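So for the sequence shown, the working numbering puts the first residue at 1; every next one is plus one.
Note that CB positions come from ideal geometry on N, CA and C, so glycine has one too.
Fair warning: this is a prediction, and the values are worked out from it, not measured in the lab.
The structure appears right after this line, and notes come after that.
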Amino acid sequence: MSETERSFFSWFEIESHTAREMQAQLRASMGMCPVHARRLLEGVGDGHVMTIVMREALAGARLALRAEADVGSCPACNSAAFGTRHARTLLVDGLRDPAIARLYADHDGVCLGHLLDALPGGDASILRVLAERLIRSLHETAGVTLVGVLAGLDADAPRRAIWRERLPQHSAAGSTADRLEQRLQIDACPVCLAAGMAGRDYLHWFLAHSADDAPSLGTDPGELCAVHLHDVALADSSAAWTHAIERKRANRTAQLERFLAWLAHTPSPTRRRRRSSPDALDGICDELLAAPHCAACHAREGVERAEQDLVAVSLGLATLRERYEHRHGLCVRHARQVTDGPAARLTRQHADARVALSAWEVNETARKYAWAFRHEPGGPERDGWLRGLAQIDGRVFEGGTAPVGEHQMALASTTEIGGEPG
Numbered sequence: 001m002s003e004t005e006r007s008f009f010s011w012f013e014i015e016s017h018t019a020r021e022m023q024a025q026l027r028a029s030m031g032m033c034p035v036h037a038r039r040l041l042e043g044v045g046d047g048h049v050m051t052i053v054m055r056e057a058l059a060g061a062r063l064a065l066r067a068e069a070d071v072g073s074c075p076a077c078n079s080a081a082f083g084t085r086h087a088r089t090l091l092v093d094g095l096r097d098p099a100i101a102r103l104y105a106d107h108d109g110v111c112l113g114h115l116l117d118a119l120p121g122g123d124a125s126i127l128r129v130l131a132e133r134l135i136r137s138l139h140e141t142a143g144v145t146l147v148g149v150l151a152g153l154d155a156d157a158p159r160r161a162i163w164r165e166r167l168p169q170h171s172a173a174g175s176t177a178d179r180l181e182q183r184l185q186i187d188a189c190p191v192c193l194a195a196g197m198a199g200r201d202y203l204h205w206f207l208a209h210s211a212d213d214a215p216s217l218g219t220d221p222g223e224l225c226a227v228h229l230h231d232v233a234l235a236d237s238s239a240a241w242t243h244a245i246e247r248k249r250a251n252r253t254a255q256l257e258r259f260l261a262w263l264a265h266t267p268s269p270t271r272r273r274r275r276s277s278p279d280a281l282d283g284i285c286d287e288l289l290a291a292p293h294c295a296a297c298h299a300r301e302g303v304e305r306a307e308q309d310l311v312a313v314s315l316g317l318a319t320l321r322e323r324y325e326h327r328h329g330l331c332v333r334h335a336r337q338v339t340d341g342p343a344a345r346l347t348r349q350h351a352d353a354r355v356a357l358s359a360w361e362v363n364e365t366a367r368k369y370a371w372a373f374r375h376e377p378g379g380p381e382r383d384g385w386l387r388g389l390a391q392i393d394g395r396v397f398e399g400g401t402a403p404v405g406e407h408q409m410a411l412a413s414t415t416e417i418g419g420e421p422g
């Protein structure tokens, strides 16, 4: 998948960003998802390519706010998904050859996520080969390498870390309204900001309690998701995150061993689908495919829902409403989630006006790129594309402020932490 992503962005920068079809996809999806927006930000930065991306993304955001169009999927995600499906098909077809199956047994094998991708409708004999090799990897692998087996590759983890640590600290002073007013003064979506700080705080709490081997961690349900497993592994060099990875390894190894045991009795998933009632193998497949309860996601999402509700109800207060109207307000993603009453009209109109301003700045930047206007100095509109990214979806910067005027410094720091861009 990393090769597919690298190829997509190489061609995107060279040529495909000019294609009408790609521009239509960018408009339909309001640009790229936060993960790929960060990838584009790191690889392309400002300039003509990003101007085109943001022109289409902002136009799509205005349509979405007016409910004139559904939001489509990120074109980079679509490309990565296509590449993954193609690679999976090649692997599965190849494993039908016993000689290749024997070679696969000596290979590192696929990660957990890609085995799960192959599970629905998969051939029992192929799934057995994949599962047996993955169980060996789970038993034999240790340390950071085990993160890749359980959670795949995550080139975005170093980028997330940079933006996460730039988030402000909580204010402990004042009433609920006072604290919300303080958050509204920060040039960021208040809901994304609260969620980002909650995610960062949980990560710090988890690492501190893991280092102390706190018994309370053993009572948490579920396991860390792939994203948060990478986050804790990257954030902690003392291996305090061993608790999380060992828990995930134990859970998944037990599931896969039960899966293999049942495969021995049910050779054909096709035959299983023809039966009128589910059996135990159906149950273990459902268990493997079910998204685990991730305490880190739960902590972030709980705060996100609460902050969204707080913003909506607080707009009935004149003081907070006035503060809201003069600041960043909700990003487009969150404004679209407010659906009832005056708060919905206010948040959508406010977000639309902010997006329209960013769109003007992007167009003004493009105008000044033209030869005829080369004599004009650049102004604050040069950072309009950054403000636009945050206004569409605050998760691009993990809920924090757009790096207006200093984004190049932030990108340099990302490279220092993460090595070569993924």
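Ordered along the chain, which non-local residues of its own chain (more than five positions away) have a Cβ less than 8 Å from that of residue i?
i, result
"residue 113", "151, 152 and 226"
"residue 323", "181, 184 and 185"
"residue 147", "229, 230, 233 and 245"
"residue 72", "25, 28 and 29"
"residue 350", "324, 325, 329, 330 and 335"
"residue 154", "226, 227 and 230"
"residue 126", "92, 95, 96 and 118"
In angstroms, rounded to a whole number, what distance separates the CA positions of residue i and residue j?
i, j, result
"residue 121", "residue 305", "36 Å"
"residue 213", "residue 242", "10 Å"
"residue 246", "residue 288", "17 Å"
"residue 196", "residue 396", "11 Å"
"residue 94", "residue 341", "57 Å"
"residue 216", "residue 356", "49 Å"
"residue 18", "residue 235", "38 Å"
"residue 78", "residue 165", "30 Å"
"residue 179", "residue 171", "7 Å"
"residue 149", "residue 20", "39 Å"
"residue 109", "residue 204", "33 Å"
"residue 63", "residue 69", "6 Å"
Over what stretch of residues does the alpha helix (DSSP H) that includes residue i continue unbroken?
i, result
"residue 341", "341-369"
"residue 148", "144-151"
"residue 385", "384-392"
"residue 192", "190-211"
"residue 242", "242-263"
"residue 230", "226-235"
"residue 53", "48-65"
"residue 154", "Segment: none, residue 154 is in no alpha helix (DSSP H) and carries neither H nor E."
Please tell me whether residue i and residue j are closer than 8 Å, where the distance is taken between their beta carbons.
i, j, result
"residue 315", "residue 335", "no"
"residue 294", "residue 394", "no"
"residue 359", "residue 338", "no"
"residue 210", "residue 173", "no"
"residue 39", "residue 156", "yes"
"residue 128", "residue 320", "no"
"residue 366", "residue 51", "yes"
"residue 124", "residue 256", "no"
"residue 160", "residue 42", "no"
"residue 399", "residue 193", "yes"
"residue 390", "residue 188", "yes"
What residues in its chain sit with their C-beta under 6 Å from that of residue i, if we drop five residues either side in the sequence?
i, result
"residue 292", "222 and 223"
"residue 425", "The requested residue 425 does not occur in the structure, where the chain is confined to residues 1 to 422."
"residue 348", "65 and 335"
Check whether chain D comes within 8 Å of residue i, counting only Cβ atoms and requiring the distance to be less than that.
i, result
"residue 91", "In the displayed structure, chain D is absent; only one protein chain is listed."
Between residue i and the rest of its own chain, which residues show a CB-CB distance below 7 Å, the 5 nearest in sequence each way excluded?
i, result
"residue 404", "383, 386 and 387"
"residue 44", "13 and 50"
Check whether the Cβ of residue i sits closer than 7 Å to any heavy atom of the ligand SAH, and report yes or no.
i, result
"residue 106", "You won't find the ligand SAH in this model; it holds no ligand whatsoever."
Hey, is the stretch 103-111 in contact with the stretch 33-48, meaning 3+ C-beta pairs nearer than 8 Å?
The stretch 103-111 makes no contact with the stretch 33-48: fewer than 3 CB pairs, one atom from each, lie closer than 8 Å.
Three Cβ pairs or more, each shorter than 8 Å: is that satisfied between the stretch 365-383 and the stretch 74-85?
Between the stretch 365-383 and the stretch 74-85 there are fewer than three inter-stretch CB-CB distances shorter than 8 Å, so the stretches are not counted as touching.
Inter-stretch contact (C-beta, 8 Å, three-pair minimum) for the stretch 351-370 and the stretch 132-147
No, the stretch 351-370 is not in contact with the stretch 132-147.
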